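Inspection log for the structure reproduced underneath, given as structure tokens.
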Amino acid sequence: LAAIMLGVALSVVGEAGKTAVAALDGMLSAMMRIVGWIMWLAPIGVFLIIASRVGYSGLGNLVGPLGLYIVCVVGGLLVHGIVILPVVLWVFGRTNPYRFIWRIRKVLLTAFSTASSSATLPVTIETCQARGGCSRRAATFVPALGATINMNGTALYEAVAVLFLFQVFQIDLTLAQKAVILVTATLAAVGAPGIPGAGIVTMAIVINAVNTSLAGIAPDAKALPLWTIGIILGVDRFLDMCRTTLNVFGDAIGARLITRLAPDEPPTALASP
Ligand code: ASP
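For the sequence shown, my numbering puts the final residue at 333, and the numbers step up evenly by one.
Here it is, written out as structure tokens:
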């Protein structure tokens, strides 16, 4: 909010604000360069993070019900990321989705390794413009907004995780309660900040909403205690990396769609890699 107010004020004061705008532009370019340097180390970082997560959770945890839960979340994210979002990009953005994915791979890799939409933001802005064929206006505005409110992956993850926890506790849910999960998981994802582990915190909202619905039907119904979130905490970092990748991918697709649908300059075709 402070950033938006400063931007509005600088545009209102006109000439007097020119120096400040130029200084902020310079800072942005310097930040982009620093992020570029850091990116050289990203592949090593990704390797180390995955190794440490597998070591922390233990191979035993990767099989059994928790293993199925991981497969379910990752499978859902893959279907959304490899089928649904590409179809949207192809139909509405008239863009070859798989070439787009290849060209913005740096963004996806950064999201995966940092598990943070906000930390990935400078890379998203720069890559969407430089390699994703997005206009400057769309590439700067859409990912910045999307980093906090557009979280496809988090919404999907929260819905699956809450269903899983209710199943573990053998609490049967009606179709209406599953609809409550669907709606509140989407809202909780919108409210989650783009930082690591945010989704698992806002998941409490979803569990409380279902518990309230259960109590409304039968006051003595069994409720799911919030501490059960601890069951999935051990494997959360890996799922966070996966869902953040999808969150950021959704932002990049949004930028490309806006470039096509509301161009401020002729949209450029994706050049060959
Ligand atoms: N880490 C995610 C993001 O930054 C939010 C979440 O925890 O789901 O997009």
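Positions of the beta carbon are idealized from the N, C-alpha and C atoms, including for glycine. This structure is a prediction, so every number in the text was calculated from the model and none was measured.
- Closer than 7 angstroms to some heavy atom of the ligand ASP: that describes the Cβ of Ala258.
- In the three-state DSSP reduction, Asp296 falls in the helix class (H, G or I).
- With a cutoff of 8 angstroms on beta-carbon distance, Ser176 and Thr304 are scored as near each other.
- Annotation for Ala215: the continuous alpha helix (DSSP H) segment containing it runs 212–228.
- The DSSP-derived three-state label of Cys194 is coil.
- Annotated three-state conformation of Ala82 is helix, per DSSP.
- Taking C-beta atoms as the reference points, Tyr217 and Val133 count as a pair closer than 8 angstroms.
- With a threshold of 7 angstroms, the Cβ atom of Arg303 counts as near the ligand ASP, since some heavy atom of the ligand is closer than that.
- In terms of side-chain proximity, the C-beta atom of Ser177 is found nearer than 7 angstroms to a non-hydrogen atom of the ligand ASP.
- Taken through DSSP and simplified to helix, strand or coil, Gly206 comes out as helix.
- Per DSSP, Gly141 lies in no alpha helix (DSSP H) segment and is marked neither H nor E.
- Here the segment 236–250 does not lie against the segment 163–182, with fewer than 3 beta-carbon pairs under 8 angstroms apart.
- The segment 251–260 and the segment 207–215 touch, with three or more beta-carbon pairs separated by less than 8 angstroms.
- Of all alpha-carbon atoms in Gly251, Val220, Phe229, the one lying nearest the alpha-carbon of Lys238 is that of Val220.
- The three-state secondary structure of Pro182, taken from DSSP, is helix.
- Relative to the Cα of Arg320, the nearest Cα in the group Ala199, Gly206, Thr272 belongs to Ala199.
- With a threshold of 16 other beta carbon atoms within 10 Å, Ala252 meets it and is buried.
- If the five residues before and after Arg197 are omitted, its C-beta is found closer than 6 angstroms to the C-beta atoms of Asp324, all from its own chain and listed in chain order.
- If you check the CB distance, Pro182 and Ala312 do not come in under 8 angstroms.
- With respect to the C-alpha of Pro157, the residue from His140, Ala83, Phe172, Ile98 having the closest C-alpha is His140.
- Separation of Arg297 and Ile255 (C-alpha to C-alpha, rounded to the nearest whole angstrom) is 12 angstroms.
- Distance from the CA of Leu317 to the CA of Gly96, rounded to the nearest whole angstrom, comes to 25 angstroms.
- Leaving aside the five residues that flank Phe224 on each side, the residues in its chain whose CB is nearer than 6 angstroms to its CB run, in chain order, Tyr129.
- At a Cβ-Cβ threshold of 8 angstroms, Val228 and Val270 do not count as neighbours.
- By the neighbour-count criterion, in which 16 or more other beta carbons inside 10 Å mark a residue as buried, Val81 falls on the exposed side.
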